[in-house]
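Here my numbering is used: the first residue of the sequence shown is 2, the next is one more, and so on.
Glycine included, every Cβ here is placed at the ideal spot set by N, Cα and C.
Quick caveat, the model's predicted, so the values are computed rather than measured.
Reviewing the structure listed below.
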Amino acid sequence: MMKLSRDVAGPCLAPGGSVVAVGAFDGLHRGHQALLSEVRQRAQALGCTPIVVSFEPLPRAFFSKEPVPRLSSVREKLLGFAAAGMTHTLLLRFNRALTAMSPEEFIQRVLIERLNVREVWVGADFRFGHKRAGDVAMLERIGKEHGFVAHTMPAVLLDGERVSASRVRALLAAGNFGAVAPLLGRPFVIEGKVEYGNQLGRELGFPTANIHLRDRVTPVHGIFAVRVGLGEAECSWPGVASLGTRPTVNEVDEPLLEVHLFDFEGDLYGQRMAVEFVAKLRDEMKFDGLDALKAQMRHDERSAREILGMNPVLIDASQATP
2 MMKLSRDVAG PCLAPGGSVV AVGAFDGLHR GHQALLSEVR QRAQALGCTP IVVSFEPLPR
62 AFFSKEPVPR LSSVREKLLG FAAAGMTHTL LLRFNRALTA MSPEEFIQRV LIERLNVREV
122 WVGADFRFGH KRAGDVAMLE RIGKEHGFVA HTMPAVLLDG ERVSASRVRA LLAAGNFGAV
182 APLLGRPFVI EGKVEYGNQL GRELGFPTAN IHLRDRVTPV HGIFAVRVGL GEAECSWPGV
242 ASLGTRPTVN EVDEPLLEVH LFDFEGDLYG QRMAVEFVAK LRDEMKFDGL DALKAQMRHD
302 ERSAREILGM NPVLIDASQA TP
């Protein structure tokens, strides 16, 4: 089981030495996966502990005045580290104290004292420390003085372009989920615990399972055809989902993920649910009343069923939208 630590200060986490990956790792795309795989293999070869150092909140979010979309929750990121074979995660609190730390102090306190580093692996554009003054050249220079080696991981290319979190976010915002999956090495999924809502979907004939995203900002908004996994099951149950602020009823300020599972009967409250986004149907819209909203929801269901290869839902001809 992977261990988790949060603070710069504390006892050495790897008395026998460590091989360390450092980065934000939002989304754990194929570039991140390649770096973590290299760290795991190098740690095994050296008889050291494979450790990942990451930051929460994400540094770019800490410095931004506007909400910054992210690809994965903290829980999803930690699960990804564990799946990649990391023995320990040092998830540092990215706050003013950390941003005030000089690059030299970060190397001494985190890499040398806390992690007993033998090798450190980063991306070629990695910067760290106060005012981003630290770089790979500094890691290499100080590493020679203190007995560790700094490595940069070559970029992973797909279709001639670098795999990056910004590229993934742009494709998600455009609803291009087919192009996202090769970059991530898996479909894009949002997971969370099903919570109680106001039962409006049930009143409209479309009962939904609700996941409150709270302060998480995603690059995904609108109405989607989805596949859902319940508990530890793979994402296979078809459905239609809305991710947004429900402008017709004006009830939520924070994003809410609502999922209607087709032909499902049962109680989902309290269960963990993973939602795989297959295709975007449309943007979120404000309708002139609940009747217009319900008519559009019926149309969305038909579209999603067709995309997911299901039999069309049978409805009264009088209820069909033009």
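SER304 - DSSP class collapsed to helix/strand/coil = Position 303 of the sequence shown, counting from 1, holds the residue named residue 304. Helix, per DSSP.
Using the C-alpha atoms, what's the distance from VAL190 back to LEU262?
-> Taking the first residue of the sequence shown as 1, we reach residue 262 at position 261. Taking the first residue of the sequence shown as 1, we reach residue 190 at position 189. Roughly 16 Å separates the two Cα atoms.
Take VAL75 and list the residues in its own chain whose beta-carbon comes closer than 7 Å to its own, dropping the five residues that flank it on each side.
-> Translated into positions along the sequence shown, residue 75 becomes position 74. Close CB contacts of VAL75 within its chain, under the 7 Å cut and outside five residues either way in sequence, are with GLU57 (chain order).
Under a three-way DSSP split, which group does LEU14 fall into?
-> Residue numbering aside, residue 14 sits at position 13 when the sequence shown is read from its first letter. It is coil, neither helix nor strand.
Residue closest to LEU185, alpha-carbon to alpha-carbon, out of LEU291, ASP27, ARG306 and TYR197 = By one-based count along the sequence shown, residue 185 stands at place 184. Residue ASP27 is the option with its Cα nearest to LEU185.
Reference PRO220; option with closest CA among ARG71, HIS30, LEU36 and LEU29 | Sequence index remark: in the sequence shown, residue 220 carries index 219 (1-based). For the residues ARG71, HIS30, LEU36 and LEU29, the minimum Cα distance to PRO220 belongs to ARG71.
LEU99 bridges to which residues according to DSSP?
-> Here residue 99 refers to the residue found at position 98 when the sequence shown is read from its first residue. Note: LEU99 is not bridge-paired with any residue in the DSSP secondary-structure output.
For the alpha helix (DSSP H) holding PHE178, just list the boundary residues, first then last.
-> In the sequence shown, residue 178 corresponds to position 177, counting from 1. 178–185 is the extent of the alpha helix (DSSP H) around PHE178.
Identify which residue in GLN272, PHE127 and VAL157 has its Cα closest to the Cα of VAL195.
-> Counting from 1 along the sequence shown, the entry for residue 195 is found at position 194. Nearest C-alpha to VAL195: GLN272.
With 16 as the cutoff for other CB atoms within 10 Å, does LEU5 come out buried or exposed?
-> Residue 5 sits at position 4 when you count from the first residue of the sequence shown. By the 10 Å Cβ count, LEU5 comes out exposed.
Reduced DSSP category for GLY32 - H, G, I as helix; E, B as strand; rest coil | Taking the first residue of the sequence shown as position 1, residue 32 is located at position 31. Residue state, collapsed to three classes: helix.
Are the Cβ atoms of GLU114 and CYS13 separated by less than 8 Å?
-> Here residue 114 refers to the residue found at position 113 when the sequence shown is read from its first residue. Here residue 13 refers to the residue found at position 12 when the sequence shown is read from its first residue. A contact, by the Cβ cut-off of 8 Å.
First and last residue of the uninterrupted alpha helix (DSSP H) at SER167 | By 1-based counting over the sequence shown, the position of residue 167 is 166. 166–174 is the extent of the alpha helix (DSSP H) around SER167.
Could you spell out the range, first to last residue, of the alpha helix (DSSP H) harbouring VAL61?
-> Taking the first residue of the sequence shown as 1, we reach residue 61 at position 60. Before going on, a small fix: residue 61 reads as Arg here, not Val. Here the alpha helix (DSSP H) through ARG61 covers 60–64.
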